[in-house]
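Take 160 as the starting number for the sequence shown in this note's numbering and just add one per residue. Using N, Cα and C, we set each Cβ at its ideal position, and we do this for glycine too. Worksheet: one structure, shown below.
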Amino acid sequence: MADLTLYHKPTCSKSREAKRILDESGIPYDVVLYMEDPPSLEDLQAIAKKLDGEPKELMRPKEAIEAGFEMDRGHSDDDVLAFVAKHPAALQRPIVVTPDRAVIGRPTEKVEDLVEETLRS
């Protein structure tokens with residue numbers, strides 16, 4: 160198992176760009192095609208703990224609303240993550256996870272920064 164994991168959607172341009180960055184880095188990584196193999200609630204909770212931001216950043220608002228999520232209600236972090244676990248189309252992308260950190264690759268410079276950090280360590 161590689162130290163990096165890319166949560167990837169091949170039809171997404173940002174996700175393809177993140178994959179290109181990882182490919183060019185030479186760092187071994189695993190790819191999770193999350194629409195085919197959705198992350199569990201536990202996986203999402205682990206990713207959320209590694210983010211610099213809030214767990215709600217893992218949710219794509221437009222896709223969440225289309226799937227029936229009411230954005231204007233005060234949802235707990237677990238509510239947000241449970242919804243995303245049931246509706247993987249609402250997962251933000253791309254996400255790159257290391258043993259210590261997770262970044263949402265928007266903009267893709269965040270992936271470049273994570274790669275540089277990984278190569279230095």
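Option nearest residue i by Cα separation, candidates the options
i: Lys-173; options: Ser-235, Asp-196, Pro-258, Val-262; result: Val-262
i: Val-274; options: Thr-170, Pro-169, Lys-168, Ala-177; result: Ala-177
i: Phe-242; options: Val-256, Lys-209, Arg-175, Pro-220; result: Pro-220
Residue i and residue j closer than 9 Å at C-beta
i: Leu-163; j: Asp-189; result: yes
i: Leu-203; j: Leu-165; result: no
i: Thr-267; j: Ile-206; result: no
i: Ser-184; j: Thr-277; result: yes
i: Pro-258; j: Asp-236; result: no
i: Gln-251; j: Arg-260; result: no
i: Glu-222; j: His-246; result: yes
i: Leu-210; j: Glu-216; result: yes
i: Ala-249; j: Ala-226; result: yes
i: Val-270; j: Val-255; result: yes
With 16 other Cβ atoms within 10 Å as the buried cut-off, status of residue i
i: Ile-224; result: exposed
i: Leu-192; result: exposed
i: Pro-169; result: exposed
i: Pro-253; result: buried
Endpoints, the alpha helix (DSSP H) within which residue i is located
i: Ile-180; result: 172 to 184
i: Leu-203; result: 200 to 209
i: Thr-272; result: The question names Thr, but residue 272 in the sequence shown is Asp. Its alpha helix (DSSP H) spans residues 268 to 279.
Bounding residues of the beta strand (DSSP E) (the contiguous stretch that carries residue i)
i: Leu-250; result: Segment: none, Leu-250 is in no beta strand (DSSP E) and carries neither H nor E.
i: Tyr-166; result: 163 to 167
Cutoff 9 Å: residue i Cβ touching any chain C Cβ
i: Ser-172; result: Of the chains in the structure shown, none is chain C; there is only one protein chain.
| Whole alpha helix (DSSP H) elements within the region 216 to 242, 4-residue minimum | 220 to 225
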